[in-house]
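J.: Position 262 of the sequence shown, counting from 1, maps to 262 under the numbering used here, and the rest follow consecutively.
Just so you know, even glycine gets a beta-carbon here, dropped at the ideal spot from N, CA and C.
All values derive from a computational prediction rather than experimental measurement.
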Amino acid sequence: MRISCAQDQFSRGLAIVGRAVGSRTTMPILGNVLIATDGERLRLVATNLEIGITTWVPARVIDAGRAAVPARLLSEFVNSLPGGRDVSVDGGDRGSPLRLECERIGANVKGVDPEEFPPVATGDDRPAVRIPAREFRTMIDQVAFCAARDESRPVLSGVNVRMDGTVLSLAAADGFRLAIRTAELDHGLPEPLDIIIPARALTELGRLLGGDDDEVEVSVTGNRTQVLFRVRTSSGETVLVSRLLEGQFPDLQRVVPKTASTEVTVSRADLATAIKVASIFARDSANVVRLDLQPGSSDGLEPGTLEVSATAQEIGDNKSQVRANVSGDETHISFSSEFLADVLGVLKSENVRLKLTGPLSPAVVEGIGVERYTHVIMPMHSVR
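1. Taking buried to mean at least 16 other C-beta atoms within 10 Å of its own C-beta, is Arg85 buried or exposed?
2. Which residues in the same chain as Ile16 place their Cβ atom closer than 8 Å to its Cβ, once the five residues preceding and following it in sequence are excluded?
3. Classify His375: buried if its beta carbon has 16 or more other beta carbons within 10 angstroms, exposed otherwise.
4. Apply the 10 Å Cβ neighbour rule to Asp90 and answer buried if 16 or more other Cβ atoms are within range, or exposed otherwise.
5. Run through DSSP, which three-state label would Lys319 get?
6. Could you tell me the distance, in whole angstroms, from the CA atom of Ala147 to the CA atom of Leu156?
7. Report the rounded CA-to-CA distance for Asp317 versus Phe145, giving the unit in angstroms.
8. Helix, strand or coil for Gly39 per DSSP?
9. By the three-class DSSP mapping on this structure, what secondary structure does Glu302 have?
10. Look at the Cβ atom of Leu100, then the Cβ atom of Gly111, and state whether they are nearer than 9 Å.
11. Given Ile368, which residues of its chain have a CB within under 8 Å of its CB, disregarding the five upstream and five downstream residues?
12. Whole-angstrom Cβ separation of Ala324 and Pro303, contact assumed at under 8 Å?
13. Using the three-state DSSP reduction, which class does Glu184 fall into: helix, strand or coil?
14. So Glu101 is in the beta strand (DSSP E); what residue range does that whole segment cover?
15. Can you name, in chain order, every residue of its own chain whose Cβ lies under 6 Å from the Cβ of Arg384, other than the five neighbours on each side?
16. When the Cβ atoms of the stretch 151-166 are set against those of the stretch 180-200, are three or more pairs found closer than 8 Å?
17. Inspect the beta-carbon positions of Ser242 and Gly210 and report whether they are closer than 9 Å.
18. Does the beta-carbon distance from Met380 to Pro362 come in below 9 Å?
19. Assuming Ala128 is part of the beta strand (DSSP E), what are its boundary residues?
20. Quick one: measure Cβ to Cβ for Val231 and Ala133, integer angstroms, because I've assumed they're closer than 8 Å.
21. Report all residues from its chain with a CB closer than 8 Å to the CB of Val370; omit the five preceding and five following residues, and keep chain order.
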């Protein structure tokens, strides 16, 4: 292989695929990146067997070929080269050393036989749906963080992605909270789609998605074991492929409360600040913060009060009064400070609304003006 590639393009491509490089693996080959010529482009590939990322960068191809070399070493070397210059790449076939030169800087990188690199799918002829990149990234941000972090129940470590007609929905839950986000697309798939994607894969995809003019193309392989996301941006093309999780995802709509006996509308920023302060004291008490809600007067002259507090037996306690409009029954409820902070961080609205049905029932958190999004948090036991 003999090619020449701009240093900034080469560095950008290695950074993209580097997120899929295997670490702490019993397969040393997964610590490498595959470099291959592809027409007048250079194709870079990395995989950890759960996800694989392929991206293309412009290159001047002199001789076709491919190589597999240590990803971290190659990335660090290319990043250290002077910007605005071309990098020449020579060799690497059948595991021979890869020679890289830029200006007066050169290096020989020992690799492995590229034939040993596991295959990574980049697409097939299956039907695909196109989604605006910015909207899909927002959907991922609002849902993926609710997936379970352990794999005791594998399906809950993933995000349920459904497509019915032109309605796309993402849903995730970890047993303590859930999130559902839907979107109406211009075009759908010829048949309904119901798959479970590892949350880590969608999180990595979110980092690849760009601005308003970009789009992502989603398709499922014929054997329905993998999902492919083709991302087209102004800077190039990237494909992320992920394995799918097997199993039946629970019907989260059954858990969403349909009524509320108490509602509170409050500034998102004010509530987030009170939660952040309370979390300092909540660290030593299972991260539990308590919300006490007092409704306003019947004549509407008094809006009601919201008090956020946390108590740690060995440290002390904290209370914050937050301006809020409270209607319905007087009540109190306790939540994980982490869970509340998470949802307040993704809503981005000026005000939020909490719908409660008592201290032991799930609560709904809504962003005022945030459409097609449902978030439910289970209460926690508090000690007074």
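T.: On the basis of the coordinates in this document:
1. Counting Cβ neighbours within 10 Å, Arg85 comes out exposed, since fewer than 16 surround it.
2. In chain order, Leu44, Ile53, Thr55, Leu208, Thr238 place their CB closer than 8 Å to the CB of Ile16, counting only its own chain and leaving out the 5 sequence neighbours on each side.
3. Label assigned to His375: buried.
4. Classified as buried, Asp90 has 16 or more neighbouring CB atoms from the shown chains inside 10 Å of its CB.
5. DSSP places Lys319 in strand when its eight states are reduced to three.
6. One C-alpha to the other measures close to 6 Å.
7. Each residue's alpha carbon lies about 29 Å from the other.
8. Reduced to three states, the DSSP call for Gly39 is coil.
9. In the displayed model, Glu302 falls within coil according to three-state DSSP, outside both helix and strand.
10. Taking the C-beta atoms as reference points, Gly111 is found no nearer than 9 Å to Leu100.
11. Thr265, Ser349, Glu350, Asn351, Val352, Arg353.
12. Confirmed, about 7 Å.
13. Three-state DSSP puts Glu184 in a strand.
14. Following the DSSP letters along the chain, one finds Glu101 inside the beta strand (DSSP E) bounded by residues 98-102.
15. With a pLDDT of 49 at Arg384, under the threshold of 50, the modelled position of this residue cannot be trusted; read the value that follows with caution. Once the five neighbours on either side are set aside, Arg384 has no close Cβ partner at all.
16. Flag = yes, the stretch 151-166 and the stretch 180-200 touch.
17. No, Cβ-Cβ distance for Ser242 and Gly210 is not below 9 Å.
18. No.
19. Secondary structure note for Ala128: it is in no beta strand (DSSP E), with a DSSP letter that is neither H nor E.
20. The distance from the Cβ of Val231 to that of Ala133 is about 7 Å, consistent with a contact at the 8 Å cut-off.
21. Taken in chain order, the residues that qualify are Leu347, Lys348, Ser349.
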